[in-house]
Amino acid sequence: MATGKQIAAARALAGWDQKDLAARAGLTQQTISNIEAGGGAQAATLQKIHRAFAPLGISITPTGISQIEPDIITFEDFMDVLADARVILKRGQDICFHCADDRRSDEAVTEVLRALEKDGIKLRFTYEEGNSFFSTSPANYRWIPAAYFASAQVQVIYADRVVIHIEGDGGDKFVVIRNKDNAAAAKKQFDYWWKTGQACG
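Heads up: the sequence shown is residues 1 to 201, going by UniProt numbering.
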């Protein structure tokens with residue numbers, strides 16, 4: 001189980017203050033402060049902290065802290081993908097959602113998308129023609145023909161990452177492939193649909 005000192009060390013390695021870690025783990029800054037000061041924490045709380053560090057390849061082990069840049073990360077929650085994007089992306093960079101459908105997103109996802117846009121991240125979505133349910137500005141969307149729209153199979157591209165959505169009996173999985181060449185190729189394919197798609201607003 002992670003100790004307060006280990007969490008503080010992992011946070012320092014990530015370049016985060018307590019507020020940063022709290023935001024990424026979905027906890028309060030006071031909770032992080034209490035844990036680092038030696039207070040106890042429930043297993044679910046520590047799991048959230050571990051998950052916050054995972055996109056950076058930072059692991060807290062019984063013997064200390066390690067950091068490995070993983071080529072493939074698997075998330076079981078789309079919120080983890082968006083949390084990774086918030087860590088990686090800077091103002092002016094973009095995140096692309098191919099074959100998206102905001103009707104499938106809950107309020108928590110919508111809030112993060114709007115937060116990304118507010119932070120100066122450019123959002124771009126390819127959408128099935130006729131779908132007029134937009135969680136962000138309609139200018140962020142392009143309609144593509146229904147025949148070429150892959151329902152419920154959203155692909156996300158940002159920085160050097162390509163995210164593939166896999167549905168199965170065990171639930172959803174989001175496989176993040178960290179490779180500049182793959183990301184560049186996927187971005188070119190996305191750009192084709194973006195340029196040939198119909199503006200939604």
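Note that beta-carbon positions come from the ideal geometry of N, C-alpha and C, so glycine has one too.
(message) So, under 8 angstroms CB-CB, A2 and I73 are touching, yes? Tell me the CB distance rounded to an integer number of Å.
(response) That belief does not hold up - the Cβ atoms of A2 and I73 are roughly 19 angstroms apart, past 8 angstroms.
(request) Pull up the CB-CB distance for P62 and V87, whole angstroms please, since I reckon it's below 8 angstroms. (result) About 25 angstroms separates the two Cβ atoms, so there is no contact after all.
(message) If you reduce the DSSP assignment to three classes, tell me which class I88 lands in.
(response) helix
(message) In the DSSP output, what is Y148 paired with across the bridge?
(response) For Y148, which the question treats as bridged, DSSP gives no partner whatsoever.
(message) Within the continuous beta strand (DSSP E) that includes E128, where are the two ends?
(response) K122 to E128
(message) What would DSSP say about T28, mapped onto helix, strand or coil?
(response) coil
(request) Evaluate the contact criterion for the region 123–136 versus the region 91–107: three or more CB pairs, one atom per stretch, below 8 angstroms. (result) yes
(request) Would you mind working out which of E117, R91 and T136 sits nearest R103, comparing C-alpha positions? (result) T136
(message) Under 8 angstroms: do the region 77–91 and the region 105–120 share three or more Cβ pairs, one atom per stretch?
(response) yes
(message) Which same chain residues end up closer than 6 angstroms to Q198 when comparing Cβ atoms and leaving out the 5 residues on each side of it in sequence?
(response) W143
(message) Rounding to the nearest angstrom, what Cα-Cα distance links G92 and N182 in this structure?
(response) 21 angstroms
(request) Report the residue from F75, W194, D77 and A10 whose alpha carbon sits nearest the alpha carbon of L46. (result) A10
(request) Just confirm the distance between the C-beta atoms of A37 and G4, as a whole number of angstroms; I'd bet it's less than 8 angstroms. (result) 6 angstroms
(request) Express the C-alpha separation of G57 and R24 in angstroms, rounding to a whole number. (result) 15 angstroms
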